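Working notes, beginning with the structure itself.
Numbering (full-length UniProt numbering), first residue to last: 1 to 712.
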């Protein structure tokens, strides 16, 4: 006899059956976790459903104080409804969910950053929002760490009282709005976890809050292009890495030189008395009582004389230091430094003295036509006959033919020292100026292989590469001679020169430089495809600029010649992520990574920490860019000169952002995900052509033609 199933068991079976039938629907309605690429998805009811344009930000709070997007009946839901049309106010609307959830499919909510259903970021940049900004309603989301409302039309004062309730906030971006009024005195003390604060390009007035000294975790602060006045706070937090207070009305004492060295002079430009200036040492007076004016005059003269003596002493020390440095560089090269201009006497073996070397060279003849092998062109076989240690082997005769005696008689000037050795400029009697690099740690191959590789490099021809002209081989060191480029390296123009050449680095010029570097690298990767890494040491110091800012890429193809133990310390290819994990793992994609770093340096104007062996100092431009792209703040990374000129050019701002995204692809942590060098160069060409086309069409008022786009 069957037992009767209790009533409650029947009800449970029916309930299970209904749940099985609704299982596919429940799977669709399941909220996304951290694997949803940071996008929030919510079930919606008719009360909060809106047709496109979609609601841009949404979140809720559970009773435990955690922002939650889970199932159930949470407390009132905060929905931020930005209007896409301009001149519409930003409204914060509180709506309640119906207790019975809707069975409609899930919708993505753009503008939200979520982690496992918890709202952590709000991105509403460039939506044309207007009205006042009051984030009081966002206090229900205690895990909110980032707010970006840059590029809108928000007005009113800074909401200090409401912002203090966002205790966990780490990043706040309110750039390019119309906010005004003084900054609250407790601005920095009320947000102790704040790391990034961007308030530039607004209309804030009054002094910079003294509570800035209490912001012990602040890393980046931008207050430029406002109406701030008063002095700069005397105490800045030691954690601060980036500061910009330019183009305000700051007064008071000049900025300390240590701050200028820490943040660069451009961070303080456009203020009445913000930058250090030469103070007038002399004092004058118009009093006639008891000859006090004479005392002041005498004191002024004494101070002036002492100042002149100090300047003269400083110049003498600098000159003596440079001369001693030049003497040390040329010691083993037999340089006679007794004359006003140093002359290169020899680059042969250091055992013989200078007189014996001169006699040997006189016997061999000073004419380059009497030397065996040294006057051969790019296709000229080996390294010459006779005493090969005394030969200067030509591999490129486009700038004429010269020999070691011509180089010995040339006036020399030290250019600097690098990881592979020192470099100096030599001007020969014919007027030809060359750059001579004295290389060490290049004994990976023997003389025959070295000769063959140098002849191969000398045969390369491209307007954007610097082909070697000649070389000299010794076992201990090598000399590589190339044409001297007078304007210097991109590294110097970006970080060392603050004159006319630096000011000329606007958006069109930097785009031209990027295009030239891309063309050079694509050419090298095609011609030297058999090498493990075609360039191996691409950095801004190896990008030289001519009078028209056309780049010439130098020092390529040398990685296979450098000693294996020294290569990871001096070659930039070993700074790629895969090489840092596996010191011997480098490839052509390592060049692509270096190319992305150089482009980031060119666009942001920041010195990359990737150039340093200990990575202490500079800016990790790759990590900075990844953070900016994830928060859609690519335009805020651009150097101020680039940003202004790109915004003024037709299609410039969009092209700069596209170039930034290409940098992200080139510096991907996985080499397999990076584009090929030819693909990256093709995209740079496409961006440059699009900018040129839009500029021409803007000048002729023609409608832009549709062109295919490549996205990374």
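The beta-carbon is built from N, C-alpha and C at its ideal position, and this holds for glycine as well. Computed from a predicted model, the values in this text were never measured in an experiment.
Item	Value
What does DSSP give as the partner residue(s) for residue 552 in the beta ladder?	544
Whose C-alpha, out of 658, 555, 312, is nearest the C-alpha of residue 468?	555
How big is the Cα-Cα spacing for residue 688 and residue 234?	45 angstroms
In whole angstroms, what separates the C-alpha of residue 146 from that of residue 153?	19 angstroms
Answer yes or no: do residue 199 and residue 174 have a C-beta to C-beta separation smaller than 7 angstroms?	yes
Give every residue of the same chain whose Cβ lies closer than 6 angstroms to the Cβ of residue 671, excluding the five residues on either side of it in the sequence, and list them in chain order.	578, 589
May I ask which residues mark the beginning and end of the alpha helix (DSSP H) holding residue 627?	621-630
With a threshold of 7 angstroms on Cβ separation, who are the neighbours of residue 519 within its own chain once the five nearest residues in sequence on each side are excluded?	464, 681
Report buried or exposed for residue 636, applying the criterion of at least 16 other Cβ atoms within 10 angstroms of its Cβ.	buried
Beta-carbon separation of residue 666 and residue 607 under 7 angstroms?	no
Out of 622, 655, 455, 558, point me to the one whose CA is closest to residue 507's CA.	655
Following the continuous beta strand (DSSP E) through residue 203, name the residue where it begins and the one where it ends.	203-206
Hey, could you find the ends of the beta strand (DSSP E) residue 229 is sitting in?	227-230
Starting from residue 242, follow the beta strand (DSSP E) in both directions and report where the run begins and ends.	242-244
Looking at the unbroken alpha helix (DSSP H) that takes in residue 222, where does it start and where does it end?	Here residue 222 belongs to no alpha helix (DSSP H); instead the beta strand (DSSP E) covers 220-222.
Less than 7 angstroms between the beta carbons of residue 484 and residue 552, yes or no?	no
Note down the Cα distance separating residue 404 from residue 493, rounded to an integer number of angstroms.	32 angstroms
Relative to the ligand NAP, is the shortest distance from any of its heavy atoms to the C-beta of residue 172 smaller than 6 angstroms?	Absence of the ligand NAP is noted for the structure shown, with no ligands found whatsoever.
Given a threshold of 16 other Cβ atoms within 10 Å of its Cβ, counted over all protein chains shown, does residue 694 qualify as buried or as exposed?	buried
In the DSSP output, which residue or residues are listed as bridge partners for residue 439?	421, 478
Applying the 10 Å Cβ sphere with the 16-neighbour rule, what's the burial state of residue 222?	buried
Nearest CA to the CA of residue 442: which residue from 185, 571, 633?	571
When you compare only the Cα positions, how much space is there between residue 683 and residue 511?	12 angstroms
Could you tell me whether the region 534-543 touches the region 621-628, where touching means 3 or more Cβ pairs closer than 8 angstroms?	no
Leaving out the 5 sequence neighbours to the left and right, which residues in its chain are closer than 6 angstroms to residue 157 when beta-carbon positions are compared?	181
Leaving out five residues on either side along the sequence, give the residues of the same chain with a beta carbon under 6 angstroms from the beta carbon of residue 610.	575, 597
CA-CA distance, residue 329 and residue 422?	The predicted model places residue 329 with a pLDDT of 35, which falls under 50 and marks its position as unreliable, so this point remains unresolved.
Report yes if the CB atom of residue 271 is closer than 7 angstroms to the CB atom of residue 248, and no otherwise.	yes
Run the CB neighbour count on residue 283, radius 10 Å, all protein chains shown included, and call it buried at 16 or more, exposed below.	Residue confidence is low: residue 283 scores 32 on pLDDT, short of 50, so the model does not pin down where it sits. Its coordinate-derived value is still stated next. Exposed, because fewer than 16 other Cβ atoms sit within 10 Å of the Cβ of residue 283.
So, is residue 317 buried or exposed, given that buried needs 16 or more other C-beta atoms within 10 angstroms?	exposed
Comparing alpha-carbon positions, which option in 600, 515, 439, 631 lies nearest residue 679?	515
Whole alpha helix (DSSP H) runs in the region 573-609 with 4 or more residues, listed along the chain?	577-581, 588-604
Return the first residue and the last residue of the alpha helix (DSSP H) that residue 642 is part of.	640-648
With C-beta atoms as the reference, is residue 142 less than 7 angstroms away from residue 168?	yes
How long is the line joining the alpha carbons of residue 343 and residue 398, rounded to whole angstroms?	Any reading at residue 343 must be qualified, since the residue scores a pLDDT of 33, below 50, and its modelled position is unreliable; no value is offered.
Leaving aside the five residues before and after residue 379 along the sequence, list all residues of the same chain whose C-beta is less than 6 angstroms from its C-beta, in chain order.	Bear in mind that the predicted position of residue 379 carries a pLDDT of just 35, short of 50, making it too unreliable to give a figure here.
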